[in-house]
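Chemist: Input: one structure, supplied below.
Number of protein chains: 4
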Amino acid sequence: MSETPFVAEATFHVRYAETDAQQIVHHASYIVYFEEGRSEYLRQQGTSYADFEKSGFFLAVTDVTAKYIKACRYDDKLTVRCHVSNARSRTIEFKYEIIHADTGELRVTGLTKHICLNRDGNIARMPEEWTKWV
Amino acid sequence: MSETPFVAEATFHVRYAETDAQQIVHHASYIVYFEEGRSEYLRQQGTSYADFEKSGFFLAVTDVTAKYIKACRYDDKLTVRCHVSNARSRTIEFKYEIIHADTGELRVTGLTKHICLNRDGNIARMPEEWTKWV
Amino acid sequence: MSETPFVAEATFHVRYAETDAQQIVHHASYIVYFEEGRSEYLRQQGTSYADFEKSGFFLAVTDVTAKYIKACRYDDKLTVRCHVSNARSRTIEFKYEIIHADTGELRVTGLTKHICLNRDGNIARMPEEWTKWV
Amino acid sequence: MSETPFVAEATFHVRYAETDAQQIVHHASYIVYFEEGRSEYLRQQGTSYADFEKSGFFLAVTDVTAKYIKACRYDDKLTVRCHVSNARSRTIEFKYEIIHADTGELRVTGLTKHICLNRDGNIARMPEEWTKWV
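Residue numbers (my numbering), protein chains in the order written: chain L, 3 to 136; chain R, 3 to 136; chain V, 3 to 136; chain S, 3 to 136.
Next up, the structure:
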């Protein structure tokens, strides 16, 4: 893994459905934003998690950690930054920062860990072409 | 179809994640409540939509209609009432009423239409045992 | 209302969380996509629904209709087209088309009706500046 | 805090909308199940988080951790067990176990940390009656 990892960014507006009665973004919505960061990461690597599944592999989530620094609201323009923080033959780990796109202010940080499974649901080595870009 | 159709009821509390910044239940959440009504309908018929899929069939949603009469809030105890309003060899239609469980007050009504698909995604006749209970 | 209404378009990728075990986009997710269309409509009019609420008014959803033509999948690039199909002093109605962004193929159509409420939850006339752009 | 803490349990079926294209429960859905555990915890203490908010206080989520042990599927009957694992004058921490209700098998564990805010969004001491039951 290189010392300065590739960081992908996805920018979007908060949807009304993602807010809650506290009039802020519901804390579970950020877990979906992390996933949007992973999706964008793979798109920018010229691939897609959809292709990964088509080739017969799945990434199962084993761990999620999120730290909430400041609340976000409906229509806020947010950027999720995502990079691979660790990768082995059977596991991969992503880190996330969600910032307000206009001010750059940090709002949420997080980490997800994943394990590679094959079609039978057994732990498998990642296909080689998927370990190159990390 | 009998003149007095079987009506299934599922009762649950509104989750905080289902509310929005208007401090009421988000309108898309009721579509999920309708689905909870369908699931309960099938459970009370001694079957499950999971079994339907295991037997190689799928119900694809073709139409959703919802009419919102009065807002619901976090922790409200709601009952969704669900019955089959129409059934043919390849299609099925459910109607819904969502009421406040304590007062019986009507909050939302709705209708969903579904078409039966086989594993290849083609329109198929419903398996016989699934048309008996309607 | 003009004869050729203004149509706003929002384009985005399907998120994994928006799919279901049928491996397609869950039907309730499209109701949220409709809302994304409304949000974009207002942004392109130089305003925001957030501003609407700040000015003391709310748009409550009274009706939702969706017609599902063809399924969408994870990572599909979709465009929601949204326009105002009817507007009166106290109510407003939006129509939607969701198309696959690459092929232009129509996937879902829909309609939502809304009523204007004030802070007390009573039906109110829309503020004048909000009726100009329809 | 007593040595054997009070543990609340909420039992429910997995909804179809909570699954994803991997045909298992989406990992963000469990964060909502944790919340359902908190809600039930407060109900069993004879109160409600809705009352907490009515009294002018809010619990903002500052940290979420989840560890996924085994996947769950549509219609699985799950029980979330929730207890207070730490409580101070301004913060509270809950721990969760999600088990399959029929087999007792452990599926997901988690932890959430919260800080008490007043109506102005400032950190505040918890109201006394809310610290008694921990």
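Note that beta-carbon positions come from the ideal geometry of N, C-alpha and C, so glycine has one too.
Would you list the residues sitting across from residue 15 of chain R in a DSSP beta bridge?
Modeler: As a first step, residue 15 of chain R is located in the second sequence; it is residue number 13 there, counting from the start. Its beta-bridge partners are R/79.
Chemist: Hey, which unbroken runs of the beta strand (DSSP E) at 3 residues or more fall wholly within the region 6-60 of chain S?
Modeler: If we require 3 residues or more, the beta strand (DSSP E) runs fully inside the region 6-60 of chain S come out as 10-15.
Chemist: Residues of chain V with CB closer than 7 Å to the CB of residue 81 of chain R, please, in chain order.
Modeler: As a first step, residue 81 of chain R must be located in the second sequence, where it is residue number 79. Near residue 81 of chain R there are no residues of chain V at all, since even the closest Cβ is about 19 Å away, more than 7 Å.
Chemist: Against chain L, which members of the region 15-34 of chain R pass a CB distance test of less than 7 Å?
Modeler: Listed in sequence order: 18, 19, 21, 22, 23, 25, 28, 30.
Chemist: Consult DSSP for residue 131 of chain L and reduce its assignment to one of helix, strand or coil.
Modeler: Mapped onto the first sequence, residue 131 of chain L falls at position 129. Three-state result, residue 131 of chain L: helix.
Chemist: Residue 76 of chain R CB to nearest chain L CB: under 8 Å?
Modeler: Along the second sequence, one-based indexing puts residue 76 of chain R at 74. With 8 Å as the cut-off, residue 76 of chain R counts as an interface residue toward chain L.
Chemist: Flag residue 99 of chain L as yes when its Cβ comes closer than 7 Å to any non-hydrogen atom of the ligand GDP, and as no otherwise.
Modeler: With respect to small molecules bound, the structure shown includes none, and the ligand GDP cannot be examined in it.
Chemist: How long is the line joining the alpha carbons of residue 3 of chain R and residue 114 of chain R, rounded to whole angstroms?
Modeler: Working through the second sequence from its first residue, we reach residue 3 of chain R at position 1. Working through the second sequence from its first residue, we reach residue 114 of chain R at position 112. Residue placement at residue 3 of chain R cannot be trusted, given a pLDDT of 48 that sits under 50; the coordinates are not used to answer.
Chemist: Our contact map puts residue 127 of chain V next to residue 91 of chain V with C-beta atoms below 8 Å; I'd like the distance itself, whole angstroms only.
Modeler: In the third sequence, counting from the first residue as 1, residue 127 of chain V sits at position 125. In the third sequence, counting from the first residue as 1, residue 91 of chain V sits at position 89. Residue 127 of chain V to residue 91 of chain V, Cβ: 5 Å. Contact.
Chemist: At the level of alpha carbons, what is the spacing between residue 83 of chain S and residue 106 of chain S?
Modeler: The sequence position of residue 83 of chain S within the fourth sequence is 81, counting from 1. The sequence position of residue 106 of chain S within the fourth sequence is 104, counting from 1. Rounded to whole angstroms, residue 83 of chain S to residue 106 of chain S spans 11 Å at the Cα level.
Chemist: Please list, in chain order, the chain S residues whose beta carbon lies closer than 7 Å to that of residue 86 of chain L.
Modeler: On the first sequence, residue 86 of chain L is found 84 positions in, with the first residue counted as 1. Those do not exist, as residue 86 of chain L stays about 18 Å from chain S at its closest Cβ, beyond 7 Å.
Chemist: Using 8 Å as the threshold, is the region 74-83 of chain S in touch with the region 52-62 of chain S, meaning 3 or more CB pairs across them?
Modeler: Taking 8 Å as the limit for Cβ pairs, the verdict is that the region 52-62 of chain S does not touch the region 74-83 of chain S.
Chemist: Report the CB separation of residue 33 of chain S from residue 33 of chain L in whole angstroms; it is logged as a contact under 8 Å.
Modeler: Taking the first residue of the fourth sequence as position 1, residue 33 of chain S is located at position 31. Taking the first residue of the first sequence as position 1, residue 33 of chain L is located at position 31. 6 Å between Cβ atoms; contact.
Chemist: Within 10 Å of its beta-carbon, does residue 121 of chain V have 16 or more other beta-carbons around it, so buried, or fewer, so exposed?
Modeler: Stepping through the third sequence from its first residue, residue 121 of chain V is reached at position 119. Label assigned to residue 121 of chain V: exposed.
Chemist: 8 Å is my cut-off, CB to CB: does residue 52 of chain L come that close to chain V?
Modeler: Walking along the first sequence from the start, residue 52 of chain L turns up at place 50. Chain V, which has a Cβ nearer than 8 Å to the Cβ of residue 52 of chain L, makes this yes.
Chemist: Among residues of its own chain, excluding the 5 on either side of residue 67 of chain S, which ones have a beta-carbon nearer than 7 Å to its beta-carbon?
Modeler: Locating residue 67 of chain S in the fourth sequence gives position 65, where the first residue counts as 1. Excluding positions up to five away in sequence, the list reads 112, 113.
Chemist: Give a yes or no on whether 8 Å exceeds the smallest Cβ distance from residue 8 of chain L to chain S.
Modeler: Numbered from 1 along the first sequence, position 6 holds the residue referred to as residue 8 of chain L. No, residue 8 of chain L lies away from the interface with chain S (no Cβ there is under 8 Å from its Cβ).
Chemist: Express the C-alpha separation of residue 80 of chain R and residue 110 of chain R in angstroms, rounding to a whole number.
Modeler: The residue given as residue 110 of chain R occupies position 108 in the second sequence. The residue given as residue 80 of chain R occupies position 78 in the second sequence. For residue 110 of chain R and residue 80 of chain R, the distance between alpha carbons rounds to 10 Å.
Chemist: Pull up the distance between the alpha-carbon of residue 48 of chain R and that of residue 18 of chain L, whole angstroms please.
Modeler: Residue numbering aside, residue 48 of chain R sits at position 46 when the second sequence is read from its first letter. Residue numbering aside, residue 18 of chain L sits at position 16 when the first sequence is read from its first letter. Residue 48 of chain R and residue 18 of chain L: Cα-Cα distance of roughly 38 Å.
Chemist: Bridge partners for residue 69 of chain S per DSSP, in chain order?
Modeler: If you number the fourth sequence from 1, residue 69 of chain S lands on position 67. DSSP lists L/65, S/111 as partners of residue 69 of chain S.
Chemist: If we count the other Cβ atoms within 10 Å of its Cβ and call it buried at 16 or more, is residue 6 of chain S buried or exposed?
Modeler: Against the fourth sequence, residue 6 of chain S aligns to sequence position 4. Exposed, since its Cβ has fewer than 16 Cβ neighbours within 10 Å.
Chemist: Give the straight-line distance between the Cα atoms of residue 26 of chain R and residue 38 of chain V, rounded to the nearest whole angstrom.
Modeler: In the second sequence, residue 26 of chain R corresponds to position 24, counting from 1. In the third sequence, residue 38 of chain V corresponds to position 36, counting from 1. Cα-Cα distance, rounded: 18 Å.
Chemist: Can you name the residues of chain V whose CB is closer than 8 Å to the CB of residue 69 of chain R?
Modeler: Position 67 of the second sequence, counted from the start, is the residue given in the question as residue 69 of chain R. Residues of chain V passing the Cβ test: 64, 65.
Chemist: Return the CA-CA distance between residue 65 of chain V and residue 97 of chain V, expressed in angstroms with no decimal places.
Modeler: Within the third sequence, numbered from 1, the residue matching residue 65 of chain V stands at position 63. Within the third sequence, numbered from 1, the residue matching residue 97 of chain V stands at position 95. Answer to the nearest angstrom: the Cα atoms are 12 Å apart.
Chemist: Quick check on the burial criterion: 16 or more other C-beta atoms within 10 angstroms. Buried or exposed for residue 20 of chain L?
Modeler: As a first step, residue 20 of chain L must be located in the first sequence, where it is residue number 18. Buried, since its Cβ has 16 or more Cβ neighbours within 10 Å.
Chemist: Can you look up residue 124 of chain S in the DSSP assignment and give me helix, strand or coil?
Modeler: Here residue 124 of chain S refers to the residue found at position 122 of the fourth sequence. Coil at residue 124 of chain S, not helix or strand.
Chemist: Under a Cβ-count criterion, where at least 16 other Cβ atoms within 10 Å of its own Cβ denotes burial, should residue 42 of chain V be classed as buried or exposed?
Modeler: Start at 1 with the first residue of the third sequence, and residue 42 of chain V comes out as number 40. Result: buried.
Chemist: Do residue 99 of chain V and residue 87 of chain V count as a contact pair if the criterion is CB distance below 8 Å?
Modeler: Counting from 1 along the third sequence, the entry for residue 87 of chain V is found at position 85. Counting from 1 along the third sequence, the entry for residue 99 of chain V is found at position 97. Taking 8 Å as the Cβ cut-off, residue 87 of chain V and residue 99 of chain V do not qualify as a contacting pair.
Chemist: Quick one, are the C-beta atoms of residue 46 of chain V and residue 89 of chain V less than 8 Å apart?
Modeler: Sequence index remark: in the third sequence, residue 46 of chain V carries index 44 (1-based). Sequence index remark: in the third sequence, residue 89 of chain V carries index 87 (1-based). Their beta carbons are not under 8 Å apart, which means residue 46 of chain V does not touch residue 89 of chain V by this criterion.
Chemist: What does residue 60 of chain L reach in chain S if we use C-beta pairs closer than 7 Å?
Modeler: What you label residue 60 of chain L is simply residue 58 of the first sequence in a count that begins at 1. What residue 60 of chain L touches in chain S: 24.
Chemist: Given a cut-off of 8 Å, decide if residue 85 of chain V and residue 8 of chain V are closer than it, judged by their beta-carbon atoms.
Modeler: Counted from its first residue, the third sequence places residue 8 of chain V at position 6. Counted from its first residue, the third sequence places residue 85 of chain V at position 83. The answer is yes: Cβ separation under 8 Å.
Chemist: Which same chain residues end up closer than 8 Å to residue 104 of chain R when comparing Cβ atoms and leaving out the 5 residues on each side of it in sequence?
Modeler: Along the second sequence, read from residue 1 onward, the residue named residue 104 of chain R stands at position 102. Within the same chain, residue 104 of chain R has close Cβ partners 79.
Chemist: For residue 71 of chain L, which of L/119, L/63, L/102, L/54 has the nearest alpha-carbon?
Modeler: Translated into positions along the first sequence, residue 71 of chain L becomes position 69. For residue 71 of chain L, the nearest C-alpha among the options comes from L/102.
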